[in-house]
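Below: the structure, in structure tokens.
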Amino acid sequence: MLDTQSILQALAPELWLAASGLILVLVGAIVGERFNSLSYKVGALVLFGAAVLSAIHLQGGEAFNGLVKTTTFTNFTKVISFTLAGVAVFVSEGFLKRHGISRYEYPLLMVLGSLGMGITLSSNDLMTLYMGIETLSLSSYVLAAFHRDSARSSEAGLKYFVLGALASGMLLYGASLVYGFTGTTSFDGLTLAGESVGAMFGMVLMIVGLAFKISAAPMHVWTPDVYEGAPTPVVAFFASAPKFASLVVFANVMFTLFGSVIHQWQLIVAIVAGLSMIVGSLGGLTQTNIKRLLAYSSIANVGYALVAVAAGQALGAAALLTFSTIYVVSSLGLFAGVLAMRRRGGMVESIQELGGLARRQPVFAIAMTVLVLSVAGLPPFGGFFGKYEVLRAGVDADLVPLAIVLVIASVVSLGYYLRLLKVMWFDEPKEAFERVDVSVLGTVIACAVVAGVVFMIFIGELGTGGWASYAAAGLAP
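So for the sequence shown, the UniProt record's numbering puts the first residue at 1; every next one is plus one.
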């Protein structure tokens with residue numbers, strides 16, 4: 001007999017998203033295009049509701065004979081991810097209407113993609129993990145190509161699909177090797193899987209597959225092209241909610257499945273982190289498209305986050321949550337800022353189009369400046385404290401060479417962050433941007449306030465000794 005209480009404790013947000021998604025499909029099929037406008041509000045409310053349910057059931061639980069298991073570590077991530085996904089849906093409607101692609105399927109795909117995020121975070125079995133990743137991935141492929149009349153969007157979706165299928169195959173092959181050498185797919189039974197040579201090969205393949213999902217180098221090649229070609233609100237979603245969820249899933253797999261044999265994977269993760277920081281910091285220097293620049297920025301920031309993973313569960317779990325939370329909020333704000341770059345009936349994405357922004361739209365320029373400085377990790381904004389937590393975790397774990405790479409990469413990346421600020425504040429003014437939806441500008445300002453002010457003042461409540469430490473304590477020792 002099913003234990004309803006345990007199922008709700010472990011999977012209430014996912015059940016809510018699944019039921020809501022099915023209802024949205026039914027309503028859309030019956031009502032048709034008349035549901036298009038309302039669907040965005042409903043989709044955002046559904047995702048905010050999932051975040052609330054995650055907070056209510058923060059302690060987590062276990063259900064379906066251990067197939068799913070949630071802790072404060074994963075539920076904290078769900079609260080942030082579902083909230084950011086709801087905001088991403090909320091700011092999408094205006095863009096899609098102006099391009100003639102506003103359809104109820106868009107928020108539905110966001111809801112189903114978020115369902116995949118939730119399943120992945122709740123997984124306690126290799127099969128559940130793969131099912132969740134594929135649910136998120138399939139929705140993401142369609143979202144990337146949602147503007148089907150755009151060659152760039154179709155190309156982005158195709159590249160994402162082909163490379164994503166390759167990464168999924170490697171992940172599944174790695175999982176099959178782990179199963180073959182251990183005889184179980186349960187995370188609980190795989191605690192010592194790394195002691196087997198065959199399982200270690202499987203572990204490496206799983207790392208490769210998961211590294212693609214978080215766009216870590218050298219599995220990052222899809223990221224700049226997809227970020228540039230996909231519709232901007234879709235990229236805002238990719239760069240925030242799934243990014244955070246995927247990072248935590250990566251950490252959860254390494255800490256839970258292979259935590260007792262950290263000596264076998266620490267160097268691998270450290271190399272991936274170092275490559276990501278180098279590629280991200282150097283690759284962004286030559287970019288002229290702001291979306292491609294932010295893609296390389298995300299690659300570098302994934303590298304910073306992986307320093308915390310390489311530091312191990314005890315030192316790195318709380319640092320990972322602190323850094324990632326601040327980064328994804330700032331990233332969502334920056335892409336909302338790109339949504340506001342509209343002139344003469346079309347979107348503009350060139351960095352030079354920001355020229356003189358401070359003189360024409362000072363509030364918007366100040367908000368963008370705060371977000372850029374936060375992502376760059378400069379004091380006194382929130383991103384600085386997140387990066388400091390990661391750096392300290394790396395040093396405490398004796399990963400001093402990796403910490404040095406982090407510092408150097410951060411300095412190098414200032415080259416493109418400061419170029420953005422120079423164009424906004426000192427270049428000659430360009431033609432003013434058209435007025436955008438209040439929701440878009442409000443999101444930019446709200447994210448700037450949260451990332452630049454709230455996290456700066458209340459970093460003690462979020463970081464070590466705060467909510468992040470409380471959430472990380474939910475991981476099994």
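Ideal placement from N, C-alpha and C gives every residue a C-beta, glycine not left out. In this text the structure is predicted, and so the values were computed from the model without any measurement.
Alpha helix (DSSP H) segment containing residue i, residue limits
i, result
"Thr135", "126 to 144"
"Leu22", "4 to 31"
"Ile80", "72 to 90"
"Phe255", "241 to 257"
"Ser276", "262 to 283"
"Asp398", "Neither: Asp398 is in no alpha helix (DSSP H) and is coded neither H nor E."
"Asn289", "No alpha helix (DSSP H) contains Asn289, which DSSP labels as neither H nor E."
"Val363", "362 to 376"
"Pro379", "Counting along the chain, Pro379 falls outside any alpha helix (DSSP H), and DSSP gives it neither H nor E."
"Leu475", "Leu475 -> no alpha helix (DSSP H), and no H or E assigned at all."
"Arg103", "Arg103 -> no alpha helix (DSSP H), and no H or E assigned at all."
"Val221", "Segment: none, Val221 is in no alpha helix (DSSP H) and carries neither H nor E."
"Pro231", "Looking at the DSSP string, Pro231 is not in any alpha helix (DSSP H), and its letter there is neither H nor E."
Cβ neighbour criterion (16 or more within 10 Å) applied to residue i
i, result
"Gly180", "exposed"
"Leu420", "buried"
"Gly132", "buried"
"Ala151", "exposed"
"Asn301", "buried"
"Pro107", "buried"
"residue 480", "Residue 480 falls outside the range modelled here, since the chain spans only 1 to 477, and no answer is possible."
"Lys422", "exposed"
"Ile30", "exposed"
"His220", "buried"
"His147", "buried"
"Val363", "exposed"
"Asp125", "buried"
"Ser410", "buried"
"Val197", "exposed"
"Ala193", "Low confidence applies to Ala193: its pLDDT is 47, below 50, so where it sits in the model is not reliable, and the reading given next is rough at best. Buried, since its Cβ has 16 or more Cβ neighbours within 10 Å."
"Asn252", "buried"
Three-state class that DSSP yields for residue i in the structure shown
i, result
"Ser123", "strand"
"Arg34", "helix"
"Glu62", "strand"
"Ser350", "strand"
"Val226", "helix"
"Val68", "strand"
"Arg343", "strand"
"Val42", "helix"
"Ser324", "helix"
"Arg148", "coil"
"Gly333", "helix"
"Ala311", "coil"
"Ser215", "coil"
"Gly49", "helix"
"Gly316", "helix"
"Gly386", "helix"
"Gly116", "helix"
"Gly356", "coil"
Cutoff 7 Å; reference residue i; Cβ partners in own chain excluding five residues on either side
i, result
"Gly466", "Gly460"
"Thr128", "Leu67, Val68, Ile119"
"Gln313", "Phe255, Gly259, Leu475"
"Thr71", "Gly60, Gly474, Leu475"
"Ser154", "Ala145, Arg148"
Contact set for residue i: own chain, Cβ-Cβ below 6 Å, skip 5 residues either direction
i, result
"Tyr173", "Leu205"
"Glu93", "Tyr40"
"Met170", "Leu205, Val208, Gly209"
"Ser324", "Phe244, Leu247, Ala305"
"Gly386", "Thr322, Phe323, Ile326"
"Ser139", "Leu109, Leu112, Gly113"
"Val444", "Gly333, Ala336, Gly337, Ala367"
"Leu163", "Trp222"
Close-in-space but distant-in-sequence residues of the same chain around residue i (CB under 8 Å, 5 per side omitted)
i, result
"Trp16", "Val46, Gly49, Ala50, Leu53"
Enumerate, from N- to C-terminal direction, the unbroken alpha helix (DSSP H) stretches of 4 or more residues contained entirely within the region 424 to 472.
438 to 449, 459 to 462, 467 to 472
Which complete alpha helix (DSSP H) runs does the region 152 to 196 hold, if anything under 4 residues is left out?
none
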